[in-house]
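There are 2 protein chains.
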Amino acid sequence: MSSYTPLCWSDIQAAHQQIAPYIHRTPVLTCHNLNVLAGCSLFFKCENFQKVGAFKIRGGMNAALSLPSQAIGRGLATHSSGNHAQAVAYAARQLGVKAYIVMPENSPAVKVNAVRSYGAEITFCAPNQAAREATLQEIVARTGAAFIHPYDDDRVICGQATCAKEFLEDVPDLQIVIAPVGGGGLLSGTCLSTHYLAPKTLVYGAEPQGAADAVLSLRSGRIEKAPYIQTIADGLLTTLSERTLRILSQHVQDILTVSDDEILAALRLVYERMKIVVEPSGVVPLAAVLKHPEVFAGKRVGVIFSGGNVDLSRFGGWFS
Amino acid sequence: MSSYTPLCWSDIQAAHQQIAPYIHRTPVLTCHNLNVLAGCSLFFKCENFQKVGAFKIRGGMNAALSLPSQAIGRGLATHSSGNHAQAVAYAARQLGVKAYIVMPENSPAVKVNAVRSYGAEITFCAPNQAAREATLQEIVARTGAAFIHPYDDDRVICGQATCAKEFLEDVPDLQIVIAPVGGGGLLSGTCLSTHYLAPKTLVYGAEPQGAADAVLSLRSGRIEKAPYIQTIADGLLTTLSERTLRILSQHVQDILTVSDDEILAALRLVYERMKIVVEPSGVVPLAAVLKHPEVFAGKRVGVIFSGGNVDLSRFGGWFS
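So this is what it looks like as structure tokens:
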């Protein structure tokens, strides 16, 4: 592994101070009905109500604000078809600079429109990783824009860590915190803030069975691929990096996996009982809590609802 | 018209004190994006987060708590396939008495299950008004249960009035308040609390074009039928009573009508921008605000989101 300087509590505090003017301090909600169903006391950190509809703005904004002033003027760039693209576009607009977003040409119109609504310049590419990276490199070379990776970046991880920081400040006596894991940026940040603020609190990850690379990587200690990719949790398709795996290996208690049916059941409960809109990726931790009562029974459990950007036209297939 | 004693401010205050232990004081939310779209400052009173998922618990609970003690022991009864049925069932369970709910035999399973989940005894009847009333009368005669009408009842109207009371206490300088109108219980209560707490504030009603009886009744001064009944706002199909028409005639500025397409557009905005679940009937006032910018431009507007009980299986048809 490459050399590594662990992120300090002061890094996370500095990130929070820096991004606070640009983000919401999102509310923590509770639901009596869900407590009864789950057999534990649940607290929901609602990043679905965050700017751009997801926690991603925390990391994106922190990375942007951490750039040297001569760099930021050349703009921000990333490749993403999801919430990170919106976060970078929004951060750029707030800072008055350009955003260059590379999106696969088969991206849903609803996501393209969301990114465009924040004023970003979109470049379409073939729908594969090589094309995304090549297109991005060309843009960065031409414009000098700063590439902001969605998770393999300490500034991004520090930004995502502010979510659990707020959570534990508002509900200090959580016994478990559980967050979804895709590339591991949010879960790494959750680990770090919990380590510094509430070292006895256990951190769990939650992952779809149809994108189960993180649980395998955690067990083998090296980056593994998911056995198959097939899930409605479209925000969790990415793979851990060395950087996030290192943090998770040190701090995560376990990663629990759930099926798409279990994700949909959790989604229905959130809509029907809590009356809030969370995206499928965002309810994966709740699905894991409901699936594993033996882990959570009687505990005070903090669940991170990571985002709420959902394509309403897909509901017909989900809830028919 | 029959003799009539106007409801006093002290009646509403007493109702609020009486029901407060059983209801949520629901939050008032704002949304910058929607303000920009609407060209005014919107404040949303979120009764979708209320007990049973709708304001109806306010009136149902107040009526129940206003019964003489020897009456309440014989239970509560009503006929309804909607949120009022859940409210009466919930009120009865809270008070430890039986609820007898008459529902049309073609009621959706999701609604029957919701009422049953509150422990009510359900009696099915033919799907017409005569059968509902006859079945209810038989039950009342047999059990001595107290019938709680969904809106044609001063105790119910006083309960519904507590919604605008909280709203104006929390946001005292609203220039307009707008609520949906079906039978007129919520809108009547909104008129009364606004009259007593903020007499310069204008009250508007909002009604689907496919159940537009209230706007006609308001203009002619007598109970009119809707020209046709066809709307996704299934909570607003009922007709004003003499009691509610009398109050609306005195206090309502106007009733604005909207099409189902306008209701769906508002519903989409609420899901996508606010990330909360509101039922079609509940967004009718927002649809009216968006349709009539000339009425609301630049004003501070209080919008009542009346409920959030929605059948997710219908989303496929709405948002395909």
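Protein chains in written order, with this note's numbering: chain E, 6 to 325; chain X, 6 to 325.
Heads up, the beta-carbon is just placed ideally off N, CA and C, and yes, glycines get one too.
What you are looking at is a predicted structure, and each value in this text was computed from that prediction instead of being measured.
X:V182 versus E:V263 - alpha carbon distance
45 Å
Using only the alpha-carbon positions, how far apart do E:D157 and E:G188 sit?
8 Å
Unbroken stretches of the beta strand (DSSP E), 3 residues or longer, contained in the segment 58-129 of chain X:
Listed in chain order, the beta strand (DSSP E) runs fully inside the segment 58-129 of chain X are 81-84, 104-109, counting runs of at least 3 residues.
If the cut-off is 7 Å on Cβ atoms, which residues from the segment 256-276 of chain X count as contacting chain B, listed in chain order?
This model lacks chain B altogether; the protein chains it does include are E and X.
Name the DSSP beta bridge partners of E:K50, please?
E:V33, E:I309
Can you find a CB in chain E that lies within less than 8 Å of the CB of X:N53?
yes
Counting along the chain, where does the alpha helix (DSSP H) carrying X:V176 start and finish?
Per DSSP, X:V176 belongs to no alpha helix (DSSP H) and is neither H nor E.
Using a beta-carbon distance cut-off of less than 7 Å, what residues from the segment 38-66 of chain X approach chain E?
Against chain E - using a Cβ distance shorter than 7 Å - the residues of the segment 38-66 of chain X are N53, F54, G58.
Does the CB of E:K116 have a neighbour CB from chain X at under 8 Å?
no
Relative to the C-alpha of X:I127, which candidate in X:G64, X:P290, X:A104, X:L295 has its C-alpha closest?
The shortest C-alpha separation from X:I127 is found at X:A104.
If we count the other Cβ atoms within 10 Å of its Cβ and call it buried at 16 or more, is X:I234 buried or exposed?
exposed
Residue from E:T249, E:A292, E:G149 with nearest C-alpha to E:F12:
The identity of residue 12 of chain E in the sequence shown is Leu, whereas the question assumes Phe. Taking only the C-alpha atoms, the option nearest E:L12 is E:T249.
Hey, quick one: how far does the alpha helix (DSSP H) through X:I144 stretch, first residue to last?
Residue range 134-148 is occupied by the alpha helix (DSSP H) that includes X:I144.
Per DSSP, X:Y209 is paired with what?
Per DSSP, the beta bridge partners of X:Y209 are X:I183, X:D259.
Listing by chain order, which chain E residues have their CB less than 8 Å from the CB of X:S318?
Those are F324, S325, listed as they occur along chain E.
Is there a Cβ from chain E that is less than 8 Å from the Cβ of X:G321?
yes
My guess is that E:V176 and E:F301 are in contact by the Cβ rule of under 8 Å, so how many angstroms apart are they, rounded?
In fact, because the Cβ distance is near 15 Å, the residues do not count as touching under 8 Å.
According to DSSP, simplified to helix, strand and coil, what is E:A151?
strand
Endpoints, the alpha helix (DSSP H) within which E:T195 is located:
190-202
Can you tell me the Cβ-Cβ gap for X:P232 and X:A217, rounded? I've got them flagged as a contact below 8 Å.
7 Å
Could you have a look at X:I228 and say whether DSSP puts it in helix, strand or coil?
Three-state result, X:I228: coil.
Are the beta-carbon atoms belonging to E:N67 and E:G226 less than 8 Å from one another?
No, the Cβ-Cβ distance between E:N67 and E:G226 is not below 8 Å.
In angstroms, rounded to a whole number, what distance separates the CA positions of E:F172 and E:G312?
15 Å
Could you please give me the residues that DSSP links to E:I281 through a beta bridge?
X:I281
When burial is assigned at 16 or more other CB atoms within 10 Å of the CB, is X:R327 buried or exposed?
Residue 327 of chain X lies beyond the range of chain X shown here (6 to 325); nothing can be said about it.
If you drop the 5 nearest sequence neighbours on each side, which residues of the same chain put their C-beta closer than 7 Å to that of X:L221?
Counting only Cβ-Cβ distances below 7 Å, and skipping sequence neighbours, we find E229.
Coil, strand or helix - E:Q235 by DSSP:
coil
Simplified DSSP assignment, three categories, for X:G44
coil
Can you pull the chain X residues whose beta carbon is under 7 Å from the beta carbon of E:G313, in chain order?
K280
Going along the chain, which residues of its own chain have a beta-carbon closer than 6 Å to the beta-carbon of E:T236, five neighbours each way excluded?
Cβ-Cβ distances below 6 Å link E:T236 to P213, G215, A216, D265 in the same chain, with the five nearest sequence neighbours on each side left out; the list follows chain order.
Please report how far the alpha carbon of E:T148 lies from the alpha carbon of E:A76, in whole angstroms.
11 Å
Straight-line Cα distance separating E:A219 from E:T243:
E:T243 and E:A219: Cα-Cα distance of roughly 9 Å.
Determine the DSSP secondary structure at E:S325, reduced to helix, strand or coil.
coil
Return the residue from the list X:V102, X:K61, X:L241 that minimises the CA-CA distance to X:I162.
Of the listed residues, the one whose Cα sits closest to X:I162 is X:K61.
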